[in-house]
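Since the structure comes first, as structure tokens, the remarks are kept for the end.
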Amino acid sequence: MSNDSLTHGKLERLRRRCDQLLDGSSTIRAFAQSVVEALVEIEGLDAAAVVDILSQQDQRILAAQSLERLSVDGFYSLDPDHQSLILECLRQQKLALVPERSVPEAGLKQHSLLMAPMRNTEGPHRVLELFRLNAFRPDEAAHLREVAETVVSYFRKFEQDQAARGKAAPADNFWQSLDLFLIKLQQSLDLKQTVAVATNDGRLLIGCDRVSLALKHGVRTKIYGISGQEGVQHRANLVKAMTRLSHEVMQTGNALTYKGIAEELPPQLEVPLAEYLAESRTRMVHFLPLREPAPLMPDEDETKPRQQPPERKVLGVMIVEQAAEARPKPGVLDKAELIAHHVEVAVANCERHETIFLLPVWRTLGRGLRWFKGRRLWTAIAIVLGVIAVGLGLWLIPWDYRVQGAGLAMPVIQHEVFAPWDGDVREVLVESGQRVTAGTLLLRLESDELDAEKIQIENELQEKQKLLAALTQQENVARRKNDVDELTKIVSEFVKTGIEVEGAESRLKKIKSRIEKLNIKAPADGVVATFQVRQLLQNRPVKRGELLMEVMEPDGPWRLELEVPEYRMGHLMQALNASPDHTLPVEYVLATAVEKGYPGTLKLVGTRSNESQEEGTIVEVYADIDAKDLPAKNIGSEVTAKINCGKKSLFYVLFGDVVEFVQRYLWL
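Numbering-wise (UniProt numbering), the sequence shown opens with residue 1 and increments by one.
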């Protein structure tokens, strides 16, 4: 440890001891005796004393410690030379250093002496004396001078406190100042002005060196005011350290006082307090939490149990500081606590007032409307003019009239796959979302009806073919017998059977074609758009013409398939017919990303109405879009679109539904 830090630590210990003695000593003799004992103990002196000077001839030792060490026989008294040095020090009114003083005739050992005068307006003058048997080192002499000046200042404080206790405090002046302070504090609802009054006027009223105000700013803590400063430099190291310390104090929610000793403070405050003291050089700091005012409770029945008031939320903290002494001046803490209650009410009112939405706008409107109070004619004129202005604005201001429709984003190239015949799905060969090419086998169907019919025709064909073979043999026998009648009969039967064979073969060919079509293939390139196609179709019976799946091309063009309520189609068709290219601009948003809109162009309108469970009667319309606008090309993404149908008056845009309702049901 360096010599400077060692001497500084001794001086701080001495100051803390003197602060305690100021409150714990009842007489000047007791205070002086305790001080000289502390000097010998802390500074390691050989002796110390305080001498009262009643007159030039009458000098008495008021308090002493270890003076016997200076005497050869253990008995010490003021010798004439010592008395002359004391009077000379008092006359010059400055510190006097006497090195290596030796008075053998008085029985004193060689010693060095440092004297500090204490001249009083009331009572005897005094001199503080510090003794060392050896010579003072240069650095030690400088340190002891500072020690002597510090001790002399504490003697003055003790005598001032004694004099103040004997006089009546001017209470009337304080309460008058407090009244003026409260008037200024409640004069404005502006937070900055209120904080300025609380810090600057509060410092004068409390009688301290500095008052600061830290308030909660969201989840953070912010220094709103420091006495003596017009603005707060939040980047300054002092303000940063004060902010961190105030935040920790607000977390505790308790009033705290630092009087030069940090033993009684919570552990979480030690580091931020040390950082703040290093920046501010403050000797005493008092923290007073500011809380929301308690709500006014109505008078309650004394027979009923009293309700506990809710816990008051911490708004901020008021910081009271003394720079010169660690012991709070008389009345400082009490005055600070009294003022803090009024400050927290004023701050809470300001914060509650400033939370009003668009407060500057309401203030301006309020000042304007105040002029009309008591002026009935001008009020009526202003109302009429306002109504006329609003009406003209609604009538003359043009605005885009847009018809809203909901629908899906779909590829333009779409193919539907239907069941060619009644049957059962035996095998699904593709998955949902799988890309296929034209001719890719999608699924296989089986039809018991077609299979049975095929077997029947094959059996019939076999029988006819056998019959033809038998007729051929009979024809050969008849020819050999030259039986003309029998031959004619057999030929006729042969021709008939041949025709039946051809018919059976034709029907068998058609049945096989139908069975072949049960192996369903992709009609074009694309992606299987049907969701969960395997779970939907596997082993399922289907009817002829039933939709099995859809194949779409997502890499091609896209469009919106929208449903527009039929009662809005009049505006849409009117705007579409008036358009030179028979198109209308469309703006749409995706249900999964409503924060951004995309453009489109309406080109096609359905020719018939349909029924919708949500909108009732609707008409389908189609709008072309840029596929690049879709973040993810999900087939069937839900969209909400607005179709621009040209300009109409602002009144019709806002109240068009009301107008159409009246026209529809009253036929006006």
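The beta-carbon is built from N, C-alpha and C at its ideal position, and this holds for glycine as well. Every value quoted in this text rests on a predicted model; they were computed, and no experiment measured them.
* Taking all protein chains shown into account, do 16 or more other C-beta atoms lie within 10 angstroms of the C-beta of E105, making it buried, or fewer, making it exposed? -> Residue environment: E105 is assigned as exposed (fewer than 16 neighbouring CB atoms within 10 Å of its CB, all protein chains considered).
* To do: Taking all protein chains shown into account, decide if S513 is buried (16 or more other Cβ within 10 angstroms of its Cβ) or exposed.
  => The residue in question, S513, is exposed, as its Cβ has fewer than 16 Cβ neighbours within 10 Å.
* To do: State whether the region 110-117 contacts the region 17-33, with contact taken as three or more CB pairs (one from each stretch) at a distance under 8 Å.
  => Too few Cβ pairs lie closer than 8 Å, so no.
* Asked: Do three or more CB pairs link the region 545-556 to the region 409-418 at distances below 8 Å?
  -> With contact defined as three or more Cβ pairs closer than 8 Å, the region 545-556 and the region 409-418 are in contact.
* Asked: What's the gap between the Cα of L441 and the Cα of E614?
  -> The alpha-carbon atoms of L441 and E614 are separated by roughly 38 Å.
* **Candidates A278, K259, L265, P293, of which the one nearest Q284 by Cα** => Just to set this straight, residue 284 is Met in the shown sequence, not Gln. It is K259 whose Cα lies nearest to the Cα of M284.
* **Limits of the unbroken beta strand (DSSP E) element including E427** => Unbroken beta strand (DSSP E) run through E427: 423-428.
* CB of residue 724 within 8 Å of CB of H415, strictly -> Nothing can be reported for residue 724, as the shown portion of the chain is limited to 1 through 668.
* Straight-line CA distance for S280 to H247? -> Those two C-alpha atoms are separated by around 17 Å.
* Asked: Quick one: what's got a C-beta closer than 7 Å to L602's C-beta in the same chain, skipping five residues either side?
  -> These residues qualify, in order along the chain: T583, L584, V586, V621, A623, I643.
* To do: Using the Cα positions of L54 and T121, report the straight-line distance between them to the nearest angstrom.
  => C-alpha of L54 to C-alpha of T121: approximately 13 Å in a straight line.
* Asked: Secondary structure at W399, three-state DSSP: helix, strand or coil?
  -> In this structure, W399 counts as strand in the three-state DSSP scheme.
* Would you mind giving the Cβ-Cβ distance between V542 and A419, rounded to the nearest angstrom? I have them listed as a contact below 8 Å. => The C-beta distance from V542 to A419 rounds to 4 Å, short enough to meet the 8 Å contact threshold.
* Can you name, in chain order, every residue of its own chain whose Cβ lies under 7 Å from the Cβ of R402, other than the five neighbours on each side? -> Excluding sequence neighbours, R402 sits near K642, I643, N644, C645.
* Asked: CB L128 to CB S71, shorter than 8 Å?
  -> No; because the gap between Cβ atoms is not below 8 Å, this pair is not in contact.
* **Coil, strand or helix - T221 by DSSP** => Strand at T221.
* **L78, DSSP secondary structure in three states** => DSSP places L78 in the coil class of the three-state scheme, outside both helix and strand.
* To do: Mind reading off the beta-carbon distance from A504 to K464? Whole number of angstroms is fine, and I expect it under 8 Å.
  => Between the beta-carbon of A504 and that of K464 there is about 6 Å, and that keeps the pair under the 8 Å contact cut.
* DSSP three-state assignment for E550, whether helix, strand or coil -> In this structure, E550 counts as strand in the three-state DSSP scheme.
* Spatial neighbours of R210 in its chain, beta-carbon cut-off 6 Å, leaving aside the 5 residues before and after -> The residues are S227, E321.
* To do: Mind listing, in chain order, the continuous alpha helix (DSSP H) runs of no fewer than 4 residues lying wholly within the region 7-76?
  => Counting whole runs of 4 or more residues, the region 7-76 contains the alpha helix (DSSP H) stretches 28-43.
* Residue interval of the beta strand (DSSP E) (run including D624) -> Unbroken beta strand (DSSP E) run through D624: 616-625.
* Asked: For the beta strand (DSSP E) that contains R375, what are its first and last residues?
  -> Counting along the chain, R375 falls outside any beta strand (DSSP E), and DSSP gives it neither H nor E.
* Could you confirm whether any beta carbon from chain C is found closer than 8 Å to the beta carbon of A578? => Looking for chain C here will not work: only one protein chain is present.
* Asked: Which residues mark the beginning and the end of the beta strand (DSSP E) in which I520 is found?
  -> That run of the beta strand (DSSP E) goes 519-521.
* **Distance, I520 Cα to D448 Cα** => Within the model, the alpha-carbon separation for D448 versus I520 is close to 17 Å.
* Beta-carbon separation (whole angstroms), S66 vs D46, contact threshold 8 Å -> At roughly 6 Å, the Cβ-Cβ gap stays under 8 Å, so S66 and D46 are in contact.
* Cβ neighbours of T243 in the same chain (closer than 6 Å, five flanking residues each side left out) -> Here T243 has T221, I223 as same chain residues with Cβ atoms under 6 Å from its own Cβ, once five neighbours each way along the sequence are excluded.
* Asked: With distances taken from CA atoms, which of L205, L377, I381, D81 is nearest L333?
  -> If you compare the alpha carbons of L205, L377, I381, D81 with that of L333, the shortest gap goes to L205.
* To do: Answer yes if the region 265-273 comes into contact with the region 189-200, meaning at least three C-beta pairs across the two stretches below 8 Å, and no otherwise.
  => Verdict: no, contact absent.
* To do: Quick one: grab the DSSP three-state call for H582.
  => Under the three-state reduction of DSSP, H582 is assigned to coil, being neither helix nor strand.
* **Proximity to H341 [Cα-Cα], best of V361, H234, R312** => H341 has its Cα closest to that of R312, out of V361, H234, R312.
* Which residues in the same chain as R15 place their Cβ atom closer than 7 Å to its Cβ, once the five residues preceding and following it in sequence are excluded? -> Correct list, in chain order: T150, G260, A326.
* G123 in three-state terms, based on DSSP -> Note: G123 maps to coil in three-state DSSP.
* Asked: Sorry if obvious, but does the Cβ on E279 come closer than 7 Å to a heavy atom of the ligand HEM?
  -> What this structure holds is no ligand at all, so the ligand HEM is not there to describe.
* Can you list the beta strand (DSSP E) stretches of 3 or more residues lying completely in the region 224-249, in chain order? -> Every candidate beta strand (DSSP E) stretch fails here, since none sits fully inside the region 224-249 while reaching 3 residues.
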